[in-house]
Amino acid sequence: MLQATGLGGLAWLTPMAHWLGRAQEKASAHTPAKSVIMLWMAGGPSQLETFDPHAGKTIAGDTRAINTSVKGVQFAHGLPQVAEVMHELTLVRSMVSKEGDHERATYNVKTGYRPDPTLIHPSIGAVLCHELPDAEMDIPRHISILPGQWPARGGYLGSQYDAFKVYNTNGRAGNITARVQPKRLDNRLAALKQVEQSFARARRADLDAKTTLHNATIQKALRMMSSEQLSAFDITQAPAKTRADFGDTQFGRSCLAAIQLIGAGVRCVEVTLNGWDTHANNHESHVSQNAILDPAFAALIRELRARKLLDQTIVICAGEFGRTPEINPASGRDHWPTGFSMALAGGGFRAGHVHGATDPTGAKLEANDKDSIRVADIHTTIQHSLGINHAKELMTPILRPMALSDGRVIKTLLK
Amino acid sequence: MPSEKIAPPLWQRNLLFAVVCLAGVGAVVSNLLKSNTMAAPKHQASHYEKPVFRTTVDWVDEEFASEWKKAGLEPAERADDLTLIRRLSLGLTGTIPSLQEIRALEAQPEDERVQWWLSHLFEDRRTSDYLAERFARAYVGVENGPFLIYRRRRFVSWLADEFEANRPYDKIVSSLITAEGLWTTNPEVNFVTVTVDQNEDKKGPDEVKLAARVTRAFLGVRIDCVQCHDDHLGDEWLQKDFHQLASFFGKADMAISGIRETGKPYEFKYRRQRVPLEVPTIVPFQPELLPERGRPRQRLARWVTHSENRAFARATVNRVWALMFGRPLVEPVDEIPLEETPENPYPPGLEILADDFIIHKFNLQRLIRVIAATSAFGLDSKMPAGRTPPTLEHDQHWAAFPLSRLRPEQVAGSIIQSASLTAINADSHILFQLNRSIQQGEFIKRYGDIGEDEFYIQGGTIPQRLLMMNGSLVHERIKDDLVANAASRILATAPNDTKVVEATYLAVLSRRPSAEEGDYFLHSLSQKGFLDRKAKQADLYWALINSTEFSWNH
């Protein structure tokens, strides 16, 4: 602190001091992000009908492209509002993975690892909560709103790192309201204490603290049930105009809740939008899906910026894979893990940047192509910009040490 | 409005309502009437009274006794019968005993109760269904698997049929390894088709995944760690051991008529090799047990299940032990050394149980009976008054029964069962069963399944506690409802408050209340206050269901 003031005081004397001051400013811009919002596009959106249109080419079908706020970058026509915030986004158009099955690919993109029969890897939010603990929170720090079929998990870190699942955003999250009046709840808890005393007799004194965590967890649950932080789940108190901006959809409301939760100190919120598995009628389905995604995603970026939360929050909009350039006989597109798109924003990610390109004729990208980014690389880069040492190894229950992620940091994606 | 056109006239609706109500009352009455008429199982003492059965159990007991002596531990005392049958029901059916079953058990002679209970459970389809699901996790995992060519449900139900018939376990495993044909008509084929990766260019089942499943699930050997390279840090296996085993599945291929032996031999490119080469079919140990002739998968099946391939028997003993204790004898459940060493000896009981399993032709029900009869299984998880509580060392050496957290389906099953006075099994009304499976599915999703990672002990979580304290399943099952819920029926039918509290404890915790608990709840029921008796009874249920005791096996 003293040093900083000293330099500030000397700034007018030498160009060197000026330069040092700038360096400091730059360093503070690099303060690691501390939270993540994952917009999960379950089913695997088509890159061609979202962030990587090849308008006019055979593979596009009749999908048109629109301009974005960044010169030379185009989106498919269904995303006009997101196009206006492209200057805040980092767009990767050259994602590759080896997983073409929904469940395996979801696991892959959420954890950064391919499925392994010997252990379950933690999702990005679980890693974040584990590496950046915070004792002040009454509510869970890892949350999945509208959880899909395979919500984020704690894996080998333990089920206490699983995402807390929230099924609606109209008021209080599920199961956090007692079914009875406080006085009667006290009665119930007194009765429970009686039964617990009976069980604890003739057992280890530290059984609850070290093994079952049963009563310790009940205390935490009760603390959560009466916490003021719960209001972050409730979007009904937000201004009507703000709510309208996100779109009148479950997904839109959940995105607004995600911002409130991040603002309250939650580390990671996952919001799922189902319905991207368009093996039939790909184009029509994408029109309706985009209509839900577009206002919500754009409003999320604008609102995070307005609340000065964008620099400390990494936003990821991704599905488990993309869809085939070829259109099948049912007017659908099938699974395509070799060249799909992922949009990122905030944290240390470069704003208005596009990385990689797919082939206009629809050829596969290979993992070792120059611009290809593997799923593990994205995880490593995200962890890096969260200030997490991705190479750190944790001991897993099967006694095999495991790095937090095993990709490389893609420097060109970062500021 | 279109709905008005199809709505029946009011009198018809009223009639319908009356019929439904009458049917409900009928169900209550018939349930109440039959409450003491549970069908008796075909229980034959010959299952467990033959001298050789007793001898096996004695030998296992001796090994444990000497282990405890060596560790300087005095074991816990024998648990009471109700505690033991609760363990067996949770391990074998995934739920707790019903009040009616407890009454039937208590009518049996004391020294026969545990084995009588097993006779009862082996006749109950819930047992084979549940065991099949638990074994299937090791065989095919919990994933939905490849679209169209994999039917997990059909596979599990086939496995349940096999267990119900008590088909020798080596025969079951052989069927899996050698399965041919279509996944629909020959359900065992799903063991093979689950490994098909529909997005890889290679068609047909994945030899590598199959080799990993076979070694882990059937032999308790983790050889797949050397899949990619030799481990130079001292692993006993070489990379070629793994791929030579995988090669037995090389010819298994996907044809129009399902899985057939028509494929090309398995090829693999080791490092330093320029092109993939055909890999010979060689087993990683005890090569003398491998038949020289036959189709590759048949030869492999004969080798895996050979009576001298002790790894097979040990792996099965370890898994069955884990299902019954909530924790395997050797951890992790699928990694047992092929030989013991002075520094790393086998745990007590393992070799004797493996011998008994082999000699008795891989009879799973017998294995379960033997384990249930051992003194280790019979131990209490706590100490009697006046003794120091069991330590972690007691747990470690099986000198007290280890505590393990119930799996989500066990918790759900127990909540639903506790709300019914009779067992909810295959004999129950289909609506009860259907309702159970729907409620159970929703509950499990929220409680959090831990997937294949079955025997890893961890503490409870906040969402679990919230779900139990405030969730709808518990709320629905404890609220005042004379038709659906045992809580109300106990209150309405028990002759006095002492019996109310006792029956409630038996239905929820499978035990009677302690003197203090009895006093506490009797006082609470009789006291005048702001709650009526029905509410108090619901609160008693709530407290018992929310206890550590309910959520843990002990």
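Order-wise, the sequence lines are chains H and A. Residue numbers 1 to 415, in the numbering used here, belong to the letters of the first sequence in order. Residue numbers 1001 to 1554, in the numbering used here, belong to the letters of the second sequence in order. Glycine residues also receive a C-beta, built at the ideal position from the N, C-alpha and C atoms. Just so we're clear, the structure is a prediction, and the values are computed from it rather than from any experiment.
Asked	Found
Could you give the residue range of the beta strand (DSSP E) that holds G346(H)?	338-346
Alpha helix (DSSP H) containing W1068(A): first to last residue?	1051-1070
Do you know how far the Cα of S226(H) is from the Cα of Q1560(A)?	What the structure shows of chain A is the stretch from 1001 to 1554, and residue 1560(A) is not part of that stretch, so it cannot be assessed.
Would S159(H) count as contacting chain A if we go by Cβ distances under 7 Å?	yes
Verify the CB distance criterion: does K1382(A) have a CB-CB separation below 7 Å to chain B?	Protein chains H and A are contained in the structure displayed, whereas chain B is not.
For Q1537(A) and E1516(A), I'd like the C-alpha separation in whole angstroms.	17 Å
So with Cβ pairs under 7 Å, would you call G1024(A) a contact of chain H?	For G1024(A), the pLDDT reaches just 47, beneath the cut-off of 50, and the residue's location in the model is therefore unreliable, leaving the point undetermined.
Classify P1291(A) as buried or exposed, calling it buried when 16 or more other Cβ atoms lie within 10 Å of its own Cβ.	exposed
Relative to the C-alpha of S952(A), which candidate in F1053(A), G1518(A), V1320(A), G1204(A) has its C-alpha closest?	The first residue shown for chain A is 1001 and the last is 1554, placing residue 952(A) beyond what the model contains.
To the nearest angstrom, how far is it from the Cα of Q1298(A) to the Cα of H77(H)?	58 Å
Whose CA, out of D406(H), M224(H), E49(H), H353(H), lies closest to the CA of V375(H)?	D406(H)
Would you mind reading off the limits of the beta strand (DSSP E) that contains M1324(A)?	No beta strand (DSSP E) contains M1324(A), which is instead part of the alpha helix (DSSP H) from 1310-1325.
Please list, in chain order, all residues of the same chain as A1136(A) whose beta carbon is under 8 Å from its beta carbon, the five residues on each side excluded.	R1152, F1155, V1156, L1159
Going by beta-carbon coordinates alone, are P1328(A) and N1318(A) separated by less than 7 Å?	yes
Can you check which of these residues, I59(H), K71(H), R64(H), is closest to A351(H) by C-alpha distance?	K71(H)
Using the rule of at least 16 other Cβ atoms within 10 Å of the residue's Cβ for burial, across every protein chain shown, is N368(H) buried or exposed?	exposed
Quick check: H1243(A) and V1221(A), are their CB atoms within less than 7 Å of each other?	no
For D162(H), which residues of its own chain have a beta-carbon under 8 Å away from its beta-carbon, when the five flanking residues on both sides are left out?	A126, H142, P151, A152, R153, G154
To the nearest angstrom, report how far apart D371(H) and T412(H) are at their CA atoms.	11 Å
Looking only at its own chain, which residues have a Cβ that is under 7 Å from the Cβ of V1283(A), when we skip the five neighbours before and after it?	L1245, L1290, W1303
Return the CA-CA distance between T396(H) and S1375(A), expressed in angstroms with no decimal places.	33 Å
Quick check on the DSSP output: what are the complete alpha helix (DSSP H) runs of length 4 or more inside the segment 53-94 of chain H, in order along the chain?	80-84
Given that T212(H) touches chain A, what residues does it touch there, using C-beta distances under 9 Å?	L1403, R1405, G1459, G1460, T1548, S1551, W1552
From P1390(A) to L207(H), what does the alpha carbon distance come to, in whole angstroms?	10 Å
Starting from L1531(A), find everything on chain H with Cβ-Cβ shorter than 8 Å and list it in chain order.	R184, N187
Could you give the residue range of the alpha helix (DSSP H) that holds P295(H)?	282-306
Name the one or two DSSP bridge partners that D1253(A) has.	R1260(A)
Would Q1537(A) pass as an interface residue toward chain H - the criterion being a Cβ-Cβ separation below 7 Å?	no
So L192(H) contacts chain A; which residues on that side make the cut at Cβ distance below 9 Å?	W1542, A1543, L1544, N1546, S1547
Under 8 Å, CB to CB, which of the residues in the segment 1386-1397 of chain A have a partner in chain H?	R1387, P1389, P1390, T1391, L1392
Report the option in T90(H), A42(H), H102(H) whose CA atom is closest to the CA atom of G356(H).	T90(H)
Name the residue from I1444(A), A1419(A), K1171(A), F1521(A) whose alpha carbon lies nearest to the alpha carbon of K1479(A).	A1419(A)
Apart from the five residues just before and just after D1081(A), which ones in its own chain have a Cβ nearer than 6 Å to its Cβ?	R1113
Does the beta carbon of P1463(A) sit closer than 7 Å to a beta carbon anywhere in chain H?	yes
Can you find a CB in chain H that lies within less than 7 Å of the CB of E1143(A)?	yes
What residues in the segment 374-401 of chain H have a beta carbon less than 7 Å from any beta carbon of chain A?	P397, I398
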